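**Student:** Have a look at the structure that comes next, please.
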Amino acid sequence: MVARGEVTLGILAGGRASRLGGRDKAWLQRDGVPQVLRIARRFEPECGAVLVSANRDLPRHSRLGLQAIADRIADIGPLGGLDALASTCATPWLLTVPVDIVDANDCLLRTLANAGGDGAVAEDDDGLQPLVALYRVDSLRDAVAVCIAARDFSVQAMQARMSLARVRFSGFRFGNLNTPDDLRLAGYADD
Numbered sequence: 001m002v003a004r005g006e007v008t009l010g011i012l013a014g015g016r017a018s019r020l021g022g023r024d025k026a027w028l029q030r031d032g033v034p035q036v037l038r039i040a041r042r043f044e045p046e047c048g049a050v051l052v053s054a055n056r057d058l059p060r061h062s063r064l065g066l067q068a069i070a071d072r073i074a075d076i077g078p079l080g081g082l083d084a085l086a087s088t089c090a091t092p093w094l095l096t097v098p099v100d101i102v103d104a105n106d107c108l109l110r111t112l113a114n115a116g117g118d119g120a121v122a123e124d125d126d127g128l129q130p131l132v133a134l135y136r137v138d139s140l141r142d143a144v145a146v147c148i149a150a151r152d153f154s155v156q157a158m159q160a161r162m163s164l165a166r167v168r169f170s171g172f173r174f175g176n177l178n179t180p181d182d183l184r185l186a187g188y189a190d191d
């Protein structure tokens with residue numbers, strides 16, 4: 001098991017949300033709580049630090065006590081967020097979760113950590129969830145650098161290169177907030 005002080009939560013919130021008309025998913029609200037803060041609070045008991053990969057409105061994150069960092073390389077998708085998080089992370093392990101996740105089960109970190117190796121990636125009833133993953137930070141930094149140098153910006157290709165284990169969460173869906181229907185079904189209000 002990974003100790004709390006050895007793992008940082010990295011919330012990937014740097015996307016453009018084009019299917020939601022460009023709305024910043026970090027600030028979608030459920031029960032009056034912004035999505036980015038809801039995720040940070042959910043994992044705070046298990047993670048010693050929280051970083052947010054965000055490419056807009058960074059001061060708004062800091063007003064909530066969250067350290068937000070912008071992509072170091074623009075327009076390369078989630079790999080840019082992973083690069084930013086890995087370059088800033090000060091712990092040996094990084095747990096990544098996309099800001100548009102609807103739910104996470106209580107054993108997520110523990111189950112991914114038990115896979116061993118350089119980390120693991122989650123697979124739920126909808127299939128592979130490449131942004132829900134645990135990484136050994138030194139290995140992630142190396143893998144991201146190789147992918148960027150090769151101009152291969154696929155997170156799944158990077159994870160395959162790292163030989164990350166796939167961990168199946170049977171009977172569970174992390175969900176995704178991509179469309180107005182997704183928001184309505186998950187009980188989210190306008191921001």
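The opening position of the sequence shown corresponds to residue 1 in full-length UniProt numbering, with each subsequent residue numbered one higher.
By construction, the Cβ of each residue, glycine as well, lies at the ideal position given by its N, Cα and C atoms.
Please read these numbers as outputs of a predicted model, since none were measured by experiment.
1. Measure the alpha-carbon distance for R41 versus D100 and round it to whole angstroms.
2. Rounded to the nearest angstrom, what separates N55 and F169 at their Cα positions?
3. Give the straight-line distance between the Cα atoms of S87 and V52, rounded to the nearest whole angstrom.
4. With a 10 Å radius around its C-beta and 16 neighbouring C-beta atoms as the bar for buried, classify V146 as buried or exposed.
5. Considering only residues of the same chain and omitting the five flanking positions on each side of G77, which have a CB-CB separation below 6 Å?
6. Given a cut-off of 8 Å on the beta-carbon distance, is the pair C47 and L82 in contact?
7. What does DSSP give as the partner residues of I11 in its beta bridges?
8. Between the C-alpha atoms of G127 and W93, what's the straight-line distance to the nearest angstrom?
9. Is DSSP giving A160 helix, strand or coil here?
10. So A145 is in the alpha helix (DSSP H); what residue range does that whole segment cover?
**Tutor:** On the basis of the coordinates in this document:
1. 15 Å
2. Here the alpha carbon of N55 sits roughly 30 Å from the alpha carbon of F169.
3. 12 Å
4. exposed
5. F153
6. No.
7. V52 and V97
8. 24 Å
9. helix
10. V137 to A150
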